[in-house]
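Going down the list, the protein sequences come from chains A and B. Numbered per this note's numbering, the first sequence spans residues 1 to 312. Numbered per this note's numbering, the second sequence spans residues 313 to 703. Below you'll find the structure, written out as structure tokens, and then a few comments.
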Amino acid sequence: MKTDPRSTSRLQHDPLVRGLGWASALLGVPQVVAPAGFARALGVGDAFRHRSATTAVGVRELAAATGLLGRPHPAWLWGRVGGDLMDLTMLTRALKNHNGRGLGRTVAATAAVTALTATDVYAAVTRTRRSTPMELTATTTVSRPPDEVYALWRDLERLPDFMAHLEEVRVTGPRTSHWRAGAPFGKAVEWDAETTEEVAGRLIAWRSVDGADIDNSGEVHFVPAPGGRGTEIRVTLRYDLPGGALGKAAARYFGEEPHQQLDDDLRRFKQIAETGEVVRSEGAPGGKRARGEFPQHPARPLTEDELKEALA
Amino acid sequence: MKANCWTGRNSVEVQDVPEPSILNSRDAIVKITSTAICGSDLHLLDGYVPTMQKGDIMGHEFMGEVVEVGPGITDGRLRVGDRVVVPFPIACGACASCRAELYSCCENTNPNAGISEKFFGHPTAGIYGYSHLTGGFAGGQAEYARVVLADANALKIESDLTDEQVLFLSDILPTGYMGADMCDIQEGDVVAVWGAGPVGQFAMDSARVLGAEKVIAIDKETYRLDMAAAQGYTTIDFEDTDVRSALLELTGGRGPDKCIDAVGMEATHGASHVHLYDRAKQAVRSETDRPHALRQAILSCRSGGVVSVIGVYGGLIDKFPAGAWMNRSLTLRTGQCHVHTYMKPLLGLIEQGKIDPTRIITHRLPLTEAPTGYDLFKNKKDHCEKVVLKP
Numbered sequence: 001m002k003t004d005p006r007s008t009s010r011l012q013h014d015p016l017v018r019g020l021g022w023a024s025a026l027l028g029v030p031q032v033v034a035p036a037g038f039a040r041a042l043g044v045g046d047a048f049r050h051r052s053a054t055t056a057v058g059v060r061e062l063a064a065a066t067g068l069l070g071r072p073h074p075a076w077l078w079g080r081v082g083g084d085l086m087d088l089t090m091l092t093r094a095l096k097n098h099n100g101r102g103l104g105r106t107v108a109a110t111a112a113v114t115a116l117t118a119t120d121v122y123a124a125v126t127r128t129r130r131s132t133p134m135e136l137t138a139t140t141t142v143s144r145p146p147d148e149v150y151a152l153w154r155d156l157e158r159l160p161d162f163m164a165h166l167e168e169v170r171v172t173g174p175r176t177s178h179w180r181a182g183a184p185f186g187k188a189v190e191w192d193a194e195t196t197e198e199v200a201g202r203l204i205a206w207r208s209v210d211g212a213d214i215d216n217s218g219e220v221h222f223v224p225a226p227g228g229r230g231t232e233i234r235v236t237l238r239y240d241l242p243g244g245a246l247g248k249a250a251a252r253y254f255g256e257e258p259h260q261q262l263d264d265d266l267r268r269f270k271q272i273a274e275t276g277e278v279v280r281s282e283g284a285p286g287g288k289r290a291r292g293e294f295p296q297h298p299a300r301p302l303t304e305d306e307l308k309e310a311l312a
Numbered sequence: 313m314k315a316n317c318w319t320g321r322n323s324v325e326v327q328d329v330p331e332p333s334i335l336n337s338r339d340a341i342v343k344i345t346s347t348a349i350c351g352s353d354l355h356l357l358d359g360y361v362p363t364m365q366k367g368d369i370m371g372h373e374f375m376g377e378v379v380e381v382g383p384g385i386t387d388g389r390l391r392v393g394d395r396v397v398v399p400f401p402i403a404c405g406a407c408a409s410c411r412a413e414l415y416s417c418c419e420n421t422n423p424n425a426g427i428s429e430k431f432f433g434h435p436t437a438g439i440y441g442y443s444h445l446t447g448g449f450a451g452g453q454a455e456y457a458r459v460v461l462a463d464a465n466a467l468k469i470e471s472d473l474t475d476e477q478v479l480f481l482s483d484i485l486p487t488g489y490m491g492a493d494m495c496d497i498q499e500g501d502v503v504a505v506w507g508a509g510p511v512g513q514f515a516m517d518s519a520r521v522l523g524a525e526k527v528i529a530i531d532k533e534t535y536r537l538d539m540a541a542a543q544g545y546t547t548i549d550f551e552d553t554d555v556r557s558a559l560l561e562l563t564g565g566r567g568p569d570k571c572i573d574a575v576g577m578e579a580t581h582g583a584s585h586v587h588l589y590d591r592a593k594q595a596v597r598s599e600t601d602r603p604h605a606l607r608q609a610i611l612s613c614r615s616g617g618v619v620s621v622i623g624v625y626g627g628l629i630d631k632f633p634a635g636a637w638m639n640r641s642l643t644l645r646t647g648q649c650h651v652h653t654y655m656k657p658l659l660g661l662i663e664q665g666k667i668d669p670t671r672i673i674t675h676r677l678p679l680t681e682a683p684t685g686y687d688l689f690k691n692k693k694d695h696c697e698k699v700v701l702k703p
């Protein structure tokens with residue numbers, strides 16, 4: 001897990017995180033300094049294996065305390081959850097093989113660790129970022145002058161013609177629009193966007209307004225290509241991918257490769273700008289859905305039903 | 313309609329499939345009158361080119377009559393009833409590559425450009441009946457075909473030339489011609505051509521038209537060498553002759569000025585140990601193409617000469633003689649043919665009788681016998697050089 005400086009500073013002033021850090025320290029010190037006494041206090045006996053297990057747990061607690069109080073990160077909270085589960089396993093074994101002396105204390109310790117586990121799970125879940133900020137860039141050259149290419153892009157309601165994920169863009173005002181896009185696993189996300197900057201023939205920038213399903217922003221630069229070769233289009237998209245790193249990995253597993261998709265989106269924009277429409281083949285009759293279809297339709301004409309579906 | 317479809321490695325089958333329909337506004341539907349089997353179809357047949365799918369219609373050499381024109385072709389450049397030959401690469405005519413006449417590198421016509429980019433670094437044009445790597449377009453070994461961006465991709469034939477005279481404008485004649493054109497042939501040049509298949513034969517004819525003093529054909533099939541000899545070309549049979557020595561002997565020790573590789577990725581080699589080496593590397597997928605002809609052309613070419621590659625390569629090769637290429641100032645030129653550039657001038661040469669494309673046709677079969685045609689051509693049975701299919 002990458003350390004995000006923003007989340008570190010945020011967690012440094014989080015009372016729950018600091019509380020758990022101090023709890024780790026308060027448990028860890030006696031466990032390391034007086035393992036035999038600590039084990040006896042739990043009613044689990046003070047044989048060599050009990051003492052050494054207690055020392056090991058103490059060292060772990062001190063490490064967690066250092067992390068949580070020094071450079072807090074959700075990983076330390078998840079580490080605590082893991083440690084709690086270990087402790088519960090050991091205590092359950094101790095209860096099962098108990099000789100009866102101090103059984104009440106062991107039961108109480110188990111109850112305490114269970115409560116602590118619940119707290120740790122709560123802290124870990126709530127303090128882990130639910131999304132990963134993503135920044136994508138892509139570029140292509142279109143053999144048309146910047147003004148023309150800009151005007152084509154500025155026609156926002158046509159964006160879904162070439163952007164695979166977009167289902168609909170509706171212009172709602174001079175600077176505002178409503179967007180609907182398909183998301184991985186068949187979900188749909190919607191948001192309102194406002195144009196934040198616009199220079200005719202050179203630049204369009206936008207960002208989603210509050211309440212978006214996915215916070216996003218982006219900009220498109222239109223730059224004259226050297227040697228009269230038309231326009232270089234440079235797109236930057238920023239968005240928070242839901243589900244964090246796990247969501248990103250899962251989406252990739254199911255064939256969503258954001259960089260590749262943006263490249264393909266631009267390729268189709270180029271097709272529209274240069275030839276008038278997105279080129280379809282029998283193998284990829286759905287135009288913008290080409291990559292999602294592998295293995296494709298065979299390279300042979302479509303039946304009437306297939307044709308209706310492809311052109312829908 | 314009937315169409316010849318790929319059904320698995322080394323297997324094609326004539327199947328009943330739906331008739332094509334307009335998918336893009338500048339499409340046209342052509343009723344095919346003649347179509348042919350190309351040497352590069354054999355690379356698809358045996359699975360050397362990846363991304364073939366069962367049921368894909370084969371074929372990228374076809375011509376016929378326009379029976380439907382999409383609503384986007386409004387300037388009358390193409391009308392129902394027009395007789396057209398269709399170039400195998402699909403070009404948009406508008407992107408930077410097309411404007412530079414690099415039609416087979418068109419940036420807009422391959423819907424699977426993202427995949428082609430992974431293989432080749434940059435995307436290449438869509439091609440009919442030539443795997444999904446080149447777009448997944450239905451091929452022309454069928455009764456009907458959809459022609460994409462038809463106003464930019466169909467050559468109208470307005471004279472009364474026969475189908476057989478103009479059919480090969482779709483691929484092999486321009487391909488052979490481009491092989492010679494890239495050689496920048498000068499007066500007195502000796503041009504050696506590896507491969508006396510259809511493309512090799514046309515490369516030889518083109519080299520002569522472009523002014524070569526002497527043309528040398530290299531192959532191992534006697535009947536193909538005889539076909540070249542009948543045109544007055546010198547022949548070398550690599551099964552019983554050391555090619556490099558023979559070429560030195562024929563050129564006063566200089567080596568050919570210009571060399572054309574019209575063989576490509578599935579070359580055979582006179583020396584069995586070299587052939588086995590490349591077969592073994594192919595079997596374990598550490599090499600995809602067998603470049604015997606290319607290696608030999610580079611080693612044989614005179615210093616400062618041109619090696620022009622029109623045989624198809626699909627992936628990676630081993631033992632590329634970079635030392636010979638670099639130290640002897642060789643120029644390596646290549647490309648899938650930019651057919652659109654050459655169609656009209658070649659049509660002129662055919663009309664003037666300077667090139668006779670029909671000379672290579674050995675077999676004429678109905679479309680329904682396409683699988684027989686593939687067998688004859690692939691296994692060089694019955695002295696097969698070129699198969700034309702009639703729907």
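Cβ coordinates follow ideal geometry from the N, Cα and C atoms, glycine included. Remember, it's a predicted structure, so these values are computed and weren't measured experimentally.
Outcome for residue i when other beta-carbon atoms lying within 10 angstroms are tallied against a minimum of 16
{"i": "S615/B", "result": "exposed"}
{"i": "L701/B", "result": "buried"}
{"i": "L27/A", "result": "buried"}
{"i": "W22/A", "result": "exposed"}
{"i": "V619/B", "result": "buried"}
{"i": "V125/A", "result": "exposed"}
{"i": "Q715/B", "result": "One cannot answer for residue 715/B here, as it falls past the ends of chain B, which runs 313 to 703."}
{"i": "R170/A", "result": "exposed"}
{"i": "M1/A", "result": "Model confidence at M1/A stands at a pLDDT of 35, short of 50, so the residue's coordinates are unreliable and nothing is read from them."}
{"i": "P174/A", "result": "exposed"}
{"i": "Q261/A", "result": "buried"}
{"i": "V209/A", "result": "exposed"}
{"i": "T421/B", "result": "buried"}
{"i": "V199/A", "result": "exposed"}
Beta-carbon proximity check, residue i vs residue j, cutoff 8 Å
{"i": "V627/B", "j": "D601/B", "result": "Residue identity differs from the one stated: residue 627/B is Gly in this sequence, not Val. Contact: yes."}
{"i": "D573/B", "j": "L522/B", "result": "no"}
{"i": "M577/B", "j": "P399/B", "result": "no"}
{"i": "A541/B", "j": "Q513/B", "result": "no"}
{"i": "L445/B", "j": "V324/B", "result": "no"}
{"i": "F374/B", "j": "A457/B", "result": "yes"}
{"i": "D14/A", "j": "M163/A", "result": "no"}
{"i": "G70/A", "j": "V32/A", "result": "no"}
{"i": "R300/A", "j": "E282/A", "result": "yes"}
{"i": "T547/B", "j": "L562/B", "result": "no"}
{"i": "K343/B", "j": "V326/B", "result": "no"}
{"i": "H675/B", "j": "G685/B", "result": "yes"}
{"i": "I662/B", "j": "E697/B", "result": "no"}
Alpha helix (DSSP H) segment containing residue i, residue limits
{"i": "L644/B", "result": "Here L644/B belongs to no alpha helix (DSSP H); instead the beta strand (DSSP E) covers T643 to T646."}
{"i": "P435/B", "result": "No alpha helix (DSSP H) contains P435/B, which DSSP labels as neither H nor E."}
{"i": "C317/B", "result": "Counting along the chain, C317/B falls outside any alpha helix (DSSP H), though it belongs to the beta strand (DSSP E) covering K314 to G320."}
{"i": "I272/A", "result": "P258 to T275"}
First through last residue of the beta strand (DSSP E) which encompasses residue i
{"i": "G104/A", "result": "Where G104/A is concerned, there is no enclosing beta strand (DSSP E), although the alpha helix (DSSP H) it sits in stretches over L103 to R127."}
{"i": "P678/B", "result": "H675 to P678"}
{"i": "Q664/B", "result": "No beta strand (DSSP E) contains Q664/B, which DSSP labels as neither H nor E."}
{"i": "K702/B", "result": "V699 to K702"}
{"i": "M375/B", "result": "E373 to V381"}
**Item:** Residues in the segment 507-532 of chain B having any Cβ partner in chain A nearer than 8 Å
**Value:** none
**Prompt:** Curious, which full-length alpha helix (DSSP H) runs of at least 4 residues does the segment 513-550 of chain B contain?
**Reply:** 534-541
**Request:** Enumerate, from N- to C-terminal direction, the unbroken beta strand (DSSP E) stretches of 3 or more residues contained entirely within the segment 550-614 of chain B.
**Result:** 570-573
**Whole beta strand (DSSP E) elements within the segment 165-233 of chain A, 3-residue minimum** = 166-171, 176-182, 188-199, 203-208 and 216-224
**Prompt:** For the segment 354-369 of chain B, which residues have a beta carbon sitting closer than 8 Å to at least one beta carbon of chain A?
**Reply:** Q365, K366, G367, D368 and I369
**Selection of the segment 110-124 of chain A by Cβ proximity to chain B, strictly under 8 Å** = none
**Request:** Using a Cβ-Cβ cut-off of less than 8 Å, give me the residues of the segment 196-223 of chain A that come near chain B, in sequence order.
**Result:** none
**Request:** Scan the segment 295-308 of chain A for residues whose Cβ lies nearer than 9 Å to a Cβ of chain B and list them as they occur along the chain.
**Result:** P295, Q296, H297, P298, A299, R300, P301, L302, T303, E304, E306 and L307
**Request:** Return the residues of the segment 422-449 of chain B that lie within a Cβ-Cβ distance of less than 7 Å from chain A, sorted by chain order.
**Result:** P423, N424, A425, G426, G438, G441, H444, G447, G448 and F449
**Request:** Using a Cβ-Cβ cut-off of less than 8 Å, give me the residues of the segment 679-700 of chain B that come near chain A, in sequence order.
**Result:** none
**Message:** Counting only Cβ-Cβ distances shorter than 7 Å, please list the residues of the segment 326-356 of chain B near chain A, keeping chain order.
**Reply:** V329, P330, E331, P332, S333, L335, N336 and S337
**Asked** Where in the segment 319-356 of chain B do unbroken runs of the beta strand (DSSP E), each at least 3 residues long, occur, reported from the N-terminal end onward?
**Response** 323-328 and 340-348
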